Amino acid sequence: MASYDVLGVGNALVDIQARVEDSLLNELALEKGIMTLADDVKQADVLKKLVGYPLNLCAGGSAANSMVALADFGGSAAFVGKVGDDDYGNSFQSDLQKLGIHFNAEPSDSVRTGTCAVLITEDAQRTMLTNLGAAATVTENDICEETLKAAKYVYIEGYLLTGETTKAAAYRAMHLAKENGVKVAFTASDPFLVNMIRDEIWDLITGPVDLFFCNEEEAISLTGESDPIKCAAKIHEHAENVALTLGGKGSLVMHGGEAFPIEGVETKAIDTTGAGDMYAGALLYGITNQMDWRHAGHLASHAAARIVSQMGARLDRKFTAAEIEALLRLA
Numbered sequence: 195m196a197s198y199d200v201l202g203v204g205n206a207l208v209d210i211q212a213r214v215e216d217s218l219l220n221e222l223a224l225e226k227g228i229m230t231l232a233d234d235v236k237q238a239d240v241l242k243k244l245v246g247y248p249l250n251l252c253a254g255g256s257a258a259n260s261m262v263a264l265a266d267f268g269g270s271a272a273f274v275g276k277v278g279d280d281d282y283g284n285s286f287q288s289d290l291q292k293l294g295i296h297f298n299a300e301p302s303d304s305v306r307t308g309t310c311a312v313l314i315t316e317d318a319q320r321t322m323l324t325n326l327g328a329a330a331t332v333t334e335n336d337i338c339e340e341t342l343k344a345a346k347y348v349y350i351e352g353y354l355l356t357g358e359t360t361k362a363a364a365y366r367a368m369h370l371a372k373e374n375g376v377k378v379a380f381t382a383s384d385p386f387l388v389n390m391i392r393d394e395i396w397d398l399i400t401g402p403v404d405l406f407f408c409n410e411e412e413a414i415s416l417t418g419e420s421d422p423i424k425c426a427a428k429i430h431e432h433a434e435n436v437a438l439t440l441g442g443k444g445s446l447v448m449h450g451g452e453a454f455p456i457e458g459v460e461t462k463a464i465d466t467t468g469a470g471d472m473y474a475g476a477l478l479y480g481i482t483n484q485m486d487w488r489h490a491g492h493l494a495s496h497a498a499a500r501i502v503s504q505m506g507a508r509l510d511r512k513f514t515a516a517e518i519e520a521l522l523r524l525a
């Protein structure tokens with residue numbers, strides 16, 4: 195059995211990215227900057243509206259994006275998710291396998307692969323419309339204990355808590371991690387999720403979660419505090435490790451009772467898609483590959499800045515070993 199830095203568990207989606215005008219969001223009655231779940235009819239309507247726009251397609255979903263980021267830095271990753279037996283599903287599997295990410299789920303022959311329409315406006319905000327498709331069919335039976343035992347961390351996206359069987363899979367992964375001495379990382383995923391299941395997220399933070407990822411809006415919603423430092427400190431009273439992102443202002447990393455303010459990186463943002471996923475993947479790479487928390491946060495901040503300066507959730511240009519070394523010397 196191979197060993198992995200991180201096993202990601204999440205929604206396997208194919209991202210369909212397009213640059214659009216605000217008027218299209220208004221026409222589709224979509225709230226800018228958030229993720230909305232869509233049924234088949236709604237998603238088909240949105241994709242029809244994108245005919246004629248230049249599109250970028252790649253394997254996506256929050257946890258999958260983070261595993262791709264980790265692999266891009268040279269880490270070893272595995273992923274649990276479900277795709278359909280169709281062109282999108284074949285593309286998703288091929289995409290991850292080319293990056294050396296272990297993914298061998300049996301494709302569903304009855305449900306098509308999930309898609310996420312990522313609509314990027316001029317202000318770099320991304321509005322996502324997600325049709326889960328086969329991703330919603332993940333169950334606890336898809337969590338392989340042998341694969342999980344081979345990882346240092348299991349990373350779970352909060353979006354899984356919105357479905358009955360996917361939630362069962364997430365909880366099964368956390369339970370097996372605790373039984374086998376594997377650390378648990380969890381991301382809040384989206385402000386709407388925190389607003390919907392705030393108490394459940396607190397239960398996870400005070401229970402099995404060893405590392406909690408969130409952004410400023412999610413942290414404020416979760417804690418009721420308005421100052422991000424107070425938010426991070428309040429969460430850290432219960433979670434061993436906290437990574438709170440602050441957009442262009444950087445991030446706060448909490449570990450061992452210490453706070454590590456991580457500087458923001460000046461960049462021209464053109465697309466915020468995948469910024470949080472990239473940050474999580476880079477930080478997980480760092481802490482599973484002999485970096486201390488401050489250096490891992492520093493690397494994650496620079497990785498997130500690079501991803502927002504380009505289109506899409508994948509790095510157009512990967513960090514070289516020399517670049518990483520130089521960044522860590524400056525941290």
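Residue numbers (my numbering): 195 to 525. C-beta atoms are modelled at their ideal positions from N, C-alpha and C, and glycine is treated no differently. Note that the coordinates shown come from a computational prediction; the quantities given were computed from them, not determined experimentally.
Backbone secondary structure at residue i - three-state DSSP
i: Pro-422; result: helix
i: Phe-406; result: strand
i: Ala-463; result: coil
i: Asp-379; result: According to the sequence as given, residue 379 is Ala; it is not Asp. In this structure, Ala-379 counts as strand in the three-state DSSP scheme.
i: Met-229; result: strand
i: His-432; result: coil
i: Ala-520; result: helix
i: Met-390; result: helix
i: Leu-478; result: helix
i: Phe-286; result: helix
i: Lys-237; result: It should be noted that the sequence gives Gln, not Lys, for residue 237. Residue state, collapsed to three classes: helix.
i: Glu-411; result: helix
i: Leu-224; result: coil
i: Asn-259; result: helix
i: Ser-217; result: helix
i: Gln-526; result: Past the edges of the chain, shown from 195 to 525, lies residue 526, and the structure says nothing about it.
i: Arg-500; result: helix
i: Leu-416; result: helix
i: Lys-512; result: coil
i: Gly-470; result: helix
i: Gly-401; result: coil
i: Gly-246; result: coil
i: Ser-495; result: helix
i: Asp-266; result: helix
DSSP bridge partner residues for residue i (one or two, in chain order)
i: Ser-302; result: Gly-278
i: Asp-209; result: Cys-252 and Cys-310
i: Phe-273; result: Gly-202
i: Leu-446; result: Leu-438 and Pro-455
i: His-296; result: Ala-272
Rounded distance between the beta-carbons of residue j and residue i, thought under 8 Å
i: Thr-309; j: Gln-237; result: 6 Å
i: Tyr-349; j: Ala-257; result: 6 Å
i: Val-459; j: His-496; result: 5 Å
i: Val-376; j: Thr-307; result: Actually they do not touch by this definition, with Cβ atoms about 28 Å apart.
i: Ala-371; j: Ala-463; result: Actually they are not in contact, since the Cβ atoms of Ala-371 and Ala-463 sit about 35 Å apart, beyond 8 Å.
i: Leu-222; j: Val-240; result: 6 Å
i: Ala-362; j: Thr-333; result: 6 Å
i: Ala-329; j: Gly-418; result: Actually they do not touch by this definition, with Cβ atoms about 32 Å apart.
i: Gly-475; j: Met-322; result: About 18 Å; that fails the 8 Å criterion.
i: Pro-422; j: Ala-413; result: 6 Å
i: Gly-491; j: Leu-477; result: 6 Å
i: Asn-389; j: Ser-415; result: 6 Å
i: Gln-291; j: Val-277; result: Rounded, the Cβ-Cβ distance is 12 Å, inconsistent with contact.
i: Asn-259; j: Tyr-353; result: With a Cβ gap of about 12 Å, Asn-259 and Tyr-353 do not count as contacting.
Check: residue i C-beta below 7 Å from any heavy atom of the ligand MG
i: Thr-230; result: Absence of the ligand MG from the depicted structure is noted, as is the absence of any ligand whatsoever, leaving it without description.
Checklist entry - Do the stretch 266 to 284 and the stretch 199 to 219 meet, that is, are 3 or more Cβ pairs less than 8 Å apart? => result Counting Cβ pairs under 8 Å, three or more are found: they touch.
Next on the checklist: So within the stretch 308 to 376, which uninterrupted alpha helix (DSSP H) runs reach at least 4 residues, ignoring any that extend past its ends?
Outcome noted: Whole alpha helix (DSSP H) segments, 4+ residues: 339 to 343 and 358 to 373.
Checklist entry - Counting pairs of Cβ atoms below 8 Å between the stretch 431 to 448 and the stretch 212 to 228, do you hit three or more? => result Touching, no.
Next on the checklist: Check whether the stretch 234 to 249 and the stretch 337 to 347 are in contact - that is, three or more C-beta pairs closer than 8 Å.
Outcome noted: The stretch 234 to 249, when compared against the stretch 337 to 347, does not touch it at the 8 Å Cβ threshold.
Checklist entry - Would you say the stretch 398 to 410 touches the stretch 378 to 385, given that touching needs at least three Cβ pairs under 8 Å? => result The stretch 378 to 385 and the stretch 398 to 410 touch, with three or more beta-carbon pairs separated by less than 8 Å.
Checklist entry - Is there contact here, the stretch 209 to 222 with the stretch 296 to 306, by at least three beta-carbon pairs under 8 Å? => result Between the stretch 209 to 222 and the stretch 296 to 306 there are fewer than three C-beta pairs closer than 8 Å, too few to call the two in contact.
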